[in-house]
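Numbering (full-length UniProt numbering), first residue to last: 1 to 211. Below is one structure, written out as structure tokens; the observations come after it.
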């Protein structure tokens, strides 16, 4: 059950496109890494105190369009879910230290719904062929992740854990209510990535919702 908290502020995203560094197949997902050595790309407002630096964003998806999101709303799954991962650099010296602390991380979840083509996501999708196998990495410059966000920044928030190992209980979750679009053809491209090899396609890389 969710309740409205009128004390929660609006979210503020201040992202610098020049902070984008590389596109990586992590063996769990595909992610875009950012320079987090300074307050170049930060999240503030909402349920968090101070500024949290953007470290990376990645996606989770299913083997079919009917499921793939890690959050379910009123029994409904989305085709995929985008996670923008931030850490509390005002309080902790590194991402690794912050990840073990209860207020160390803030992850913004964005639902991805199969509908229209997404020209912003296409920039990532066009490069997937180059990171098909686990551990592959290519340069990925000048990308502003705020262009991936929906027009409404209305959100739900709760305290939880990372959804990939290690499952630290260190995350302030901020789940945006409005999904972003992706075409059926674009969604299919993510399923051509590999976990470990050509017989192990990267599909269903989402953690089922926890009670």
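Every residue, glycine too, gets a C-beta built ideally from N, C-alpha and C. Note that the coordinates shown come from a computational prediction; the quantities given were computed from them, not determined experimentally.
- Exclusion of the five residues before and after residue 115 leaves 181, 182, 183 as the residues of its chain whose Cβ lies within less than 8 angstroms of its Cβ.
- Counting only the Cα atoms, residue 138 lies some 7 angstroms from residue 131.
- Following the DSSP letters along the chain, one finds residue 184 in no beta strand (DSSP E) but inside the alpha helix (DSSP H) bounded by residues 184–190.
- In this structure the region 172–179 touches the region 99–117; the number of beta carbon pairs closer than 8 angstroms is three or more.
- Distance from the CA atom of residue 55 to the CA atom of residue 171, rounded to whole angstroms, is 14 angstroms.
- In this structure residue 17 is in contact with residue 142, their Cβ atoms being roughly 5 angstroms apart against a cut-off of 8 angstroms.
- Nearest in C-alpha terms to residue 124, of all of 27, 197, 70, 189, is 189.
- Residue 25 is bridged by DSSP to 30.
- If you keep only unbroken alpha helix (DSSP H) runs of at least 4 residues inside the region 115–146, you get 119–125.
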